[in-house]
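Have a look at the structure below, then the notes.
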Amino acid sequence: MFKVETYLNPIEFYDKLTFNMNEIHLTPVSELAVYLQDKVPNPEIKRSILTYDNLQSLLYPNWNFPFTQIFLATKVRNCLNNMLGQSPAVIKSMENQEAEIVRSFCFAVELGIRQLPVLTGESGTEEVFRDIFHSLVSDRQVQQLLRDREAVNAGHLAERLGHSHIRVIYAYHFNKLDACEMAFFHLCRGWGIPVVFRIPYDQRFPSVFRGWQELYETAARTSCEHWNHGEKIVIKRGTRFLEFLEGRNLGPGEEVCGNTGVQADELALNICSFSSPVEFKRYLTIPGNRPERGKMQYVALSAEPLNQSLRDELNGNNEEEKDNIIAYPAGKFLFYLYECKKVKDIIYLRYDTFIECITSGWVKDKGVSGARAGALLKDLEPYMEGVSSLAEINERLKVLGDLVHVSSIFDNEAKDITLRNRTKKYLTNPFRVFPYILEERYAVTLKQLLALNLELEQTLLHLLPDEGEEMSINSHLEMLRQIWYKVKTSLSLSAIITDRLESALEYSFPSDWKATRRELRRFLVVLLNLKSKEKSEERTKKQEIHNIEQLAGLILNTESLHITDLSMKSLVKYIKRINSMPAYLTHTWLKEAARLQFPDTYKVIWHCLLVDYTYNKNRESILKYYLFNSLCFFKGQTLAVSWIKDLQSYDSENFLFKILTSLYNSVDRTQKSETDISELDLAVTECAPGIDEGEDIINQMTLVEEIPAVAWLDLDFCPRKFFYTNILQLHPVYESDFHQRLVFAAIGSLLSRQAGGEEAVKDNLFPLFPQWTSALKENLIKTSSVKELREYRQFQNVSYPKAMDSLQRLRSKYYVTKKYKIKNAYNNDVLNEKEWIKELISAILPDEIIAEPGRHCSMCNHLLICREGEFAVDRNTSSRE
1 MFKVETYLNP IEFYDKLTFN MNEIHLTPVS ELAVYLQDKV PNPEIKRSIL
51 TYDNLQSLLY PNWNFPFTQI FLATKVRNCL NNMLGQSPAV IKSMENQEAE
101 IVRSFCFAVE LGIRQLPVLT GESGTEEVFR DIFHSLVSDR QVQQLLRDRE
151 AVNAGHLAER LGHSHIRVIY AYHFNKLDAC EMAFFHLCRG WGIPVVFRIP
201 YDQRFPSVFR GWQELYETAA RTSCEHWNHG EKIVIKRGTR FLEFLEGRNL
251 GPGEEVCGNT GVQADELALN ICSFSSPVEF KRYLTIPGNR PERGKMQYVA
301 LSAEPLNQSL RDELNGNNEE EKDNIIAYPA GKFLFYLYEC KKVKDIIYLR
351 YDTFIECITS GWVKDKGVSG ARAGALLKDL EPYMEGVSSL AEINERLKVL
401 GDLVHVSSIF DNEAKDITLR NRTKKYLTNP FRVFPYILEE RYAVTLKQLL
451 ALNLELEQTL LHLLPDEGEE MSINSHLEML RQIWYKVKTS LSLSAIITDR
501 LESALEYSFP SDWKATRREL RRFLVVLLNL KSKEKSEERT KKQEIHNIEQ
551 LAGLILNTES LHITDLSMKS LVKYIKRINS MPAYLTHTWL KEAARLQFPD
601 TYKVIWHCLL VDYTYNKNRE SILKYYLFNS LCFFKGQTLA VSWIKDLQSY
651 DSENFLFKIL TSLYNSVDRT QKSETDISEL DLAVTECAPG IDEGEDIINQ
701 MTLVEEIPAV AWLDLDFCPR KFFYTNILQL HPVYESDFHQ RLVFAAIGSL
751 LSRQAGGEEA VKDNLFPLFP QWTSALKENL IKTSSVKELR EYRQFQNVSY
801 PKAMDSLQRL RSKYYVTKKY KIKNAYNNDV LNEKEWIKEL ISAILPDEII
851 AEPGRHCSMC NHLLICREGE FAVDRNTSSR E
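full-length UniProt numbering puts the first residue of the sequence shown at 1, with every later residue one more than the last.
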């Protein structure tokens, strides 16, 4: 039997603890271990206070080494490949499941299972897994790992922790107790080391502690009546929630039943609802809200995805604390490299992967770094729609070169009258509304980008194995090192990040270790996240959102605590995620395996499996306890709970959040940001070089002289659009695929009015825009209104087609603002710029330009940076309301 000691108030219980030599104090989570370590000044005793996972790593270093899991996954993949002819459909369904198969294998062997019996009515998947299991168990290298595990004894345990012997093991707050953990505690008992479970429990509150009671009555094999119970205390905070869990209602100011240990609730709970993930991001940027050890901490049901999406907000500008090297451009190459596939010397990849690889800084040609190509590559996204390989990107860039050449013909024909005036160039060359035509916008030329693409192709052909094939891990790292030392001087990285990158690339594996593309990625990810010994021994101050299990320690050592992401989908995913039984195993299968393998001692494994089953049955009740414990015994000053709308699609608050809201939300606590964080907007100081000679834009006469008549059409719709397009940019530039289609339609329609007609357009214009199908291009032109090409307007010394208005305003409709005066004046060639400039000046306020949103916003190339811009979805939503 195992001993069980109970307590209710963790603060009082931990304050009374004594820690001695030759003892081990185990916790399930790091934050509780940190809290207990702070109570011990003696370093020899302090190192014996650690998490269960850390103890396993000390005791079984080879088995728990990060690369062991990948190594086993490689073995599994080889097994699946060898069995492909046996059960093709089953093998296909198990592809990309290597990690879960390895988890199932490790779970079974840690219980001591070495052979799985044939099941009655065995499925194809179970048969394949059983064959894989036996193949791994009989593998020579895996057998060595298992022998290393079996050789560990009590002496090793004491030696690893610096003790002469181990007198007792105390296990604190193990709310999750799976079969493998229970098997380890049985092993310790077999070594003659007593194990004492110290858990929260109070028999006055059976509903709250039902999960704990069932789990530890099963684990200890004793009734709770025989446990060593702590003293009873009166609970003063969180009592409304406590009474709800117990099926009772507590009125305001009411003391319940005298002897129940519950008083009127003194808890001040902040209940927040964030309208979107963006609002939660803004909330984190408010001073005092960013996570900081001891001061402000967050926990969530889905902590890992939140940490990934909120990395910048959590770490602020502290580059050294951004542990994820892949967050840096140089590190991104080591992630996106493995998104590429090599098939018959062709590199297949998505265009966004191409951007990340080129701009990482790892690709250089003749002194030109791909890191400078970001702006051009971003503008090329619509033009690269549909590409799937480097060869296709190369062909698309060559076609773009033809388009640039066509554009240059227009420029050269008019260069004597346009000089360097960008507005005049636009009026004489309609292709200049495409951003990638404007080479002056970019730090690299199209020719240089082609060379960078070829350099990337050669690099990937050397680095990657053929898809599905293996290559030596050491050879792969050697090639990466050669590239790294060529480019590292041009990358602006801190010494810490540089050292971590080089440590990863200089790691040496056994010479016979090989891996596929996907496995190489896993090896690199582990290498990049390995900490030095000194780093791992430091108490991390990493700013992050914690898993909800960390509440056991966080409620004791932080001033402000925020429990977020209390949504229904997150709750369901969390309950599913903490299921201890791996996907390819069942309790019944393992019980039968134990009975056959250990006919005399199988009941020990059966007991471990029964504990595992009891834990899984009570997962939801343990989650309720987390909240109860936080509400009742939080030691800090401020406690908050929240949920984030639209963090997941079609989600809603979970029942726990709704219960807390009904019990504690007596006032409106909907979270509002304390600072008005405006969306990105263009500032006048960021404008393009001044019109021609940089004269002051306030000079009205100068403005009138420098703005062509076609540009004034924008003022009919929106002063801000006019200002951004014609004052800052000097002419429209359309970056979205939607707008570029309309531009193509307008240009195609104009050119089809010339000699050669539509056939000439198909032969000469269509090939220059390969991102769209021929049918789409034909439809775009046919649905575009026909313009008269021979009617002109004059701007200084330049004559331009009146039909340029179709490029200036695309297909904007006039029924929103109902302003027609400039349109009519333009059509009749009767202009009144002096009056219009006054209208513009009146729209320029000290801190902004007035905007007039409406349906025409869909045709505006500044919609994404305009605070007042109206999206189609906004119109649809408002019309439904």
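Ideal Cβ placement from N, Cα and C applies to all residues, glycine included.
Using a 10 angstroms sphere on the CB of Ala220, the tally of other CB atoms reaches 16 or more, which defines it as buried. Annotated three-state conformation of Met296 is strand, per DSSP. Contact between Val406 and Leu768 holds, with the beta-carbon distance rounding to 7 Å and staying under 8 Å. Contact annotation: the stretch 732 to 744 touches the stretch 370 to 388, with at least three C-beta pairs closer than 8 Å. In this structure the stretch 586 to 600 touches the stretch 609 to 616; the number of beta carbon pairs closer than 8 Å is three or more. Contact annotation: Leu660 and Leu269 have beta-carbon atoms nearer than 8 Å. Here the alpha carbons of Cys79 and Gln141 stand approximately 15 Å from one another.
Shown here for Ser135: same chain residues with a beta carbon closer than 6 Å to its own, the five before and five after excluded, namely Cys79 in chain order.
Annotation: the stretch 395 to 463 contains the following complete segments of the alpha helix (DSSP H) (minimum length 4 residues), in chain order: 415 to 418, 422 to 428 and 446 to 463. Of the residues Asp148, Glu304 and Cys718, the one whose Cα lies closest to the Cα of Ile844 is Cys718. Cβ contact annotation for Thr428 (same chain, cutoff 7 Å, sequence separation greater than five): Phe410, Ala414, Thr418, Val798 and Tyr800, in chain order.
At a Cβ-Cβ threshold of 8 Å, Gln543 and Glu31 do not count as neighbours. Within 10 angstroms of the beta-carbon of Asn726 lie 16 or more other beta-carbons, which makes it buried. Across the structure, Ser649 and Pro277 are spaced so that their CA atoms are roughly 12 Å apart.
Between Phe628 and Ile11, the CB-CB gap reaches or exceeds 8 Å. Within the model, the alpha-carbon separation for Arg77 versus Glu469 is close to 11 Å.
For Met182, the closest of Cys357, Tyr52 and Met859 by C-alpha to C-alpha distance is Tyr52. Following the DSSP letters along the chain, one finds Ser93 inside the alpha helix (DSSP H) bounded by residues Pro88 to Ser93. Scanning the stretch 788 to 841 from its first residue to its last, the whole beta strand (DSSP E) runs of 3-plus residues come out as 792 to 795 and 798 to 801. Looking at Ser749, Trp772, Gln771 and Pro770, the one whose alpha-carbon comes closest to that of Val761 is Ser749. As a beta-bridge residue in DSSP terms, Met471 pairs with Ala515.
In the same chain as Leu477, and ignoring 5 residues on each side of it, the C-beta atoms closer than 6 Å to its own belong to Leu505, in chain order. Taking a C-beta distance under 8 Å as the contact criterion, Leu161 and Ile24 qualify as a contact pair. Boundaries of the beta strand (DSSP E) harbouring Cys272: Leu269 to Phe274, taken from the DSSP string.
By the CB criterion at 8 Å, Lys281 and Ser560 fall outside the cutoff.
For Val142, there is no enclosing beta strand (DSSP E); the residue is part of the alpha helix (DSSP H) that begins and ends at Arg140 to Glu150. The beta carbon of Lys398 lies closer than 8 Å to those of Leu450 in the same chain, with the five residues before and after it left out.
Across the set Leu119, Lys447 and Ala803, the C-alpha of Ala803 shows the shortest separation from the C-alpha of Ala745. A Cβ-Cβ separation of about 17 Å leaves Leu520 out of contact with Leu456 under the 8 Å criterion. Proximity of the stretch 420 to 435 to the stretch 338 to 346 falls short of the contact definition, fewer than three beta-carbon pairs being nearer than 8 Å. Phe65 and Leu554 have their C-alpha atoms roughly 28 Å apart. Take Tyr426, set aside five residues on each side of it, and the residues of its chain with a beta-carbon closer than 6 Å to its own are Arg432 and His731, in chain order. Listed in chain order, the alpha helix (DSSP H) runs fully inside the stretch 368 to 395 are 374 to 379, counting runs of at least 4 residues. Note that the C-beta distance between Phe509 and Ile70 is not below 8 Å.
In the DSSP annotation of this structure, the continuous segment of the beta strand (DSSP E) that includes Lys342 starts and ends at Lys341 to Val343. In the DSSP annotation of this structure, the continuous segment of the alpha helix (DSSP H) that includes Ala552 starts and ends at Leu551 to Asn557.
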